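Undergrad: Chains A and B, in that order, give the protein sequences.
Here the numbering used here = 1-based position in the first sequence + 5.
Here the numbering used here = 1-based position in the second sequence + 90.
I have a structure I would like to understand better, so I am pasting it below and will then ask my questions one at a time.
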Amino acid sequence: MNSKLKTKIGSLQLNNPLLTASGTYGNGKEFSSFLDLHSWGGLVTKGLTLDSRTGNSGIRIVETPAGILNSIGLQNPGIEYFLREEIPFLEKLEIPVIANIAGRRIRDYEELARRLDPVPAVSALEVNVSCPNVREGGLAFGTNPALIYEITSRLRVITDKPLIIKLTPNVTDVGAIALQAEKAGADAVSLINTLLGMEIDIEQKKPLLGNVVGGLSGPAVRPVALRMIYQVYRQISIPIIGMGGITRGEDAVAFILAGARAVALGTVNFVNPRAPLEIREYILKYMERHNFSSLNSMVGLAHQEREA
Amino acid sequence: MLQENAIIEINRQVAPGIYYLRLESPGIFSRSHPGQFIHINLGTTYDPLLRRPMSIFNAEEDRISVLYQVVGRGTEILSRFNPGASLDIIGPLGRGFEIKEKSRHFLLGGGIGSAPLVYLAHQLHRENRKAIFFLGMRTEEFLFLKEFLPSDLEFYFSQENSPAGHPRLITDLLAPHLESPEKTALYCCGPEGMYRQIGRLCGGKNHFSIQVSIDRRMGCGVGTCLGCAVKVKNPPREEPEIVRACVEGPVFPWGEVFANEL
Ligand SMILES: Cc1cc2nc3c(=O)[nH]c(=O)nc-3n(C[C@H](O)[C@H](O)[C@H](O)COP(=O)(O)OP(=O)(O)OC[C@H]3O[C@@H](n4cnc5c(N)ncnc54)[C@H](O)[C@@H]3O)c2cc1C
Ligand SMILES: Cc1cc2nc3c(=O)[nH]c(=O)nc-3n(C[C@H](O)[C@H](O)[C@H](O)COP(=O)(O)O)c2cc1C
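Structural data, given as structure tokens:
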């Protein structure tokens, strides 16, 4: 371990800036045969809802140029099962676990926060207000600044755990939304969730995904994610967790320079389970090459005044 | 399950558009079981992005092999790898065929779906069990498979383009063998339409135990992305359950997937 990589998200201490992106890593178990889970800075769980959800039917995952479209539909066994069956594994981990929560109504989020607040193994909450794959909800919150304010302030009352609001890229002004999360007391924002997209099967002459639309992730979205992080960094002062298409060390460094204090890896895990190790090595070498003694001193450096 | 850099020994076309790939992969070899698969990384670029799932076609002497059909970009890229190069693979993945204690073992392969059954045929042969291989195909494109099977294995094939009076479907081959009341295990891999027809012939009779390998588009292959969902019904549970083809499958008892069609 190298203390140069330490970073903080609110009161949450991370040994390195690499987090798992929600929904791409299960709760870690599946990957433990490829690497030591403690190589991560922290583990973000699969999206949790109050009741179990079976997810969408039909084709749920489609490869697109340098990316994938998914319409899993928040399949998960529900909070009850999570607390009973998953927490025993997670509480043995010596890295912070961040629970990702999703709901249909504000009440659902409140209830989830109430249930998770007393759980010692859960170090922080990431609030998914932006899932594109659930017809009833998620995205509706994520695109409305007033609702973001409302939901954040209600959760703030319920828990002192670091509260991370996960933003959707499917809006025209992501900064305005981030600002409301900050005003309402969020400790951090994370972005981006997936970009809404679709694919058509031209032989069958119909949409390929069972859910018609899905969320785009992977390298294809990286420049969009980077731009949004850069933009949001200029408008808020709480930490940003950056994600969207990171596959290599260079990508992670770019996100940090744009303003991310931590970064999450999602789709890349499906291709290269050792990506976090390679990326961590790269960041260290980069820091050496550029004489950075702490990760923190790199954050947002791309915003320096440009020379004429 | 492990990640291994496997050296390519052979990657050669064995029939039009069909390739035989043999890899030196001692770790995966020693853990694998018929019906399981590997997940192949196609190279260093991220387009195409995902790994490609391929059934283990055979496993012997620290080697595993795969039989694949070129159907798109990924398999086309795979076909261009030369011997000596290495491939980043993950495996063995999933739950394979369970060899049942029955007096006969029927292996039913539809086209390229026959791949994992070749491995199973060798395993049954090693265990001295009585097996018959049934191969269904469009034309004669998969006849070469016989060369990869134990030489004394009973083998039948059907062709959709056969003249009248000759077997056209795999069920035409199978039907005459079903009259005996002998306890029989059926292991199937092919299109789902084939599973339905086989089910219609044998379903509901308890001296047949049928397993099928379910094909889904896969993301991670290790159970986290939940892309390869399969709806199964496991009595006495009333509600169907959603499970993962890559972890709980790809092989399932026929009834779990198709029971509501009986
Ligand atoms: C567990 C498992 C084992 C498999 N074993 C073998 C094997 O032994 N030999 C073999 O040749 N193939 C096998 N396949 C299928 C193989 O993975 C796909 O043919 C391959 O991924 C296609 O890649 P591509 O880039 O060439 O095609 P793409 O360009 O991705 O697609 C070409 C066409 O195939 C369709 N397609 C892609 N993936 C799938 C899929 N999983 N199921 C159905 N249609 C699909 C696409 O819609 C498109 O029409 C297996 C699949 C699974 C899930
Ligand atoms: C299969 C899949 C499932 C996902 N599930 C969730 C989820 O449950 N909750 C959530 O907040 N984000 C979810 N996401 C979004 C990711 O956490 C991440 O924001 C997005 O994929 C961008 O990062 P990437 O390009 O590195 O994958 C999911 C993404 C994928 C690909």
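We treat Cβ as the ideally placed atom computed from N, Cα and C, and that holds for glycine.
Values in this document were obtained by computation on a predicted structure and should not be read as measured data.
Considering H129 (chain B), what are the terminal residues of the alpha helix (DSSP H) in which it resides?
TA: No alpha helix (DSSP H) holds H129 (chain B); the beta strand (DSSP E) holding it covers F127 to I130.
Undergrad: Mind the definition here: the stretch 305-316 of chain B touches the stretch 75-90 of chain A only if three or more C-beta pairs lie below 8 angstroms; say whether that holds.
TA: Yes: at least three Cβ pairs fall under 8 angstroms.
Undergrad: Determine the extent of the alpha helix (DSSP H) in which D262 (chain B) is found, giving its start and end residues.
TA: D262 (chain B) -> alpha helix (DSSP H) spans I260 to L264.
Undergrad: Based on the DSSP output, what are the partners of Y246 (chain B) in its beta bridges?
TA: Beta-bridge pairing links Y246 (chain B) to B:F224.
Undergrad: Find the nearest neighbour of P228 (chain A) within the set A:I163, A:L289 and A:T199, judged by alpha-carbon distance.
TA: The residue with the shortest Cα to Cα distance from P228 (chain A) is A:T199.
Undergrad: Which residues share a DSSP beta bridge with S155 (chain B)?
TA: For S155 (chain B), which the question treats as bridged, DSSP gives the partners B:R112 and B:N148.
Undergrad: If you draw a straight line from the C-alpha of V67 (chain A) to the C-alpha of L214 (chain A), how long is it?
TA: Straight-line Cα distance between these residues: approximately 7 angstroms.
Undergrad: For the putative contact between P124 (chain B) and L132 (chain B), defined by C-beta atoms under 8 angstroms, what is the C-beta separation to the nearest angstrom?
TA: Going by Cβ atoms, the distance from P124 (chain B) to L132 (chain B) rounds to 25 angstroms, so no, they are not a contact pair.
Undergrad: To the nearest angstrom, how far is it from the Cα of H215 (chain B) to the Cα of E99 (chain A)?
TA: Distance between the alpha carbons of H215 (chain B) and E99 (chain A) is about 48 angstroms.
Undergrad: Give a single yes or no on whether N105 (chain A) has its beta carbon closer than 8 angstroms to a heavy atom of ligand 2.
TA: N105 (chain A) Cβ: within cutoff of ligand 2.
Undergrad: Once the 5 residues before and after G147 (chain A) are set aside, which same chain residues still bring their CB inside 6 angstroms of it?
TA: Excluding sequence neighbours, G147 (chain A) sits near V134, S135 and T173.
Undergrad: Thinking C-alpha only, which one of B:K220, B:Q126, B:D152 and B:V104 is nearest F119 (chain B)?
TA: Ranking B:K220, B:Q126, B:D152 and B:V104 by Cα distance to F119 (chain B) puts B:D152 first.
Undergrad: Please list, in chain order, the residues of the stretch 22-36 of chain A that have any C-beta partner in chain B closer than 8 angstroms.
TA: Correct list: G28, T29, Y30, G31, E35 and F36.
Undergrad: Q159 (chain B): beta carbon under 8 angstroms from a heavy atom of ligand 1?
TA: Yes; taking the cut-off as 8 angstroms, the Cβ of Q159 (chain B) has a heavy atom of ligand 1 nearer than that.
Undergrad: DSSP state of P343 (chain B), grouped into three classes?
TA: Residue state, collapsed to three classes: strand.
Undergrad: Which one of B:G280, B:K273 and B:K323 has the shortest CA to CA distance from T261 (chain B)?
TA: Of B:G280, B:K273 and B:K323, the residue nearest in Cα terms is B:G280.
Undergrad: Using 10 angstroms around the beta-carbon of E217 (chain B), count the other beta-carbons present and answer buried if the total reaches 16, otherwise exposed.
TA: E217 (chain B) should be labelled exposed.
Undergrad: In chain A, which residues lie with their C-beta within 9 angstroms of the C-beta of N101 (chain B)?
TA: Within chain A, no residue comes near N101 (chain B); the closest Cβ sits about 21 angstroms away, beyond 9 angstroms.
Undergrad: Helix, strand or coil, according to DSSP, for G142 (chain A) in the structure here?
TA: Here G142 (chain A) scores only 49 on pLDDT, less than 50, and its place in the model is too uncertain to base an answer on.
Undergrad: On the criterion of 16 or more Cβ atoms from any shown chain inside 10 Å, does K3 (chain A) qualify as buried, or is it exposed?
TA: Lying before the first or after the last residue shown, residue 3 (chain A) is absent from chain A, which here runs from 6 to 313.
Undergrad: Give the residues of chain A in contact with R194 (chain B), contact being defined as C-beta atoms less than 8 angstroms apart.
TA: Those do not exist, as R194 (chain B) stays about 37 angstroms from chain A at its closest Cβ, beyond 8 angstroms.
Undergrad: Applying a beta-carbon distance threshold of less than 7 angstroms, which residues of chain A neighbour G365 (chain B)?
TA: Residue 365 (chain B) is absent from the structure shown; chain B starts at 91 and stops at 352.
Undergrad: Would you say the beta carbon of T165 (chain B) is closer than 8 angstroms to some non-hydrogen atom of ligand 1?
TA: Checking every heavy atom of ligand 1 against the Cβ of T165 (chain B), one is found closer than 8 angstroms.
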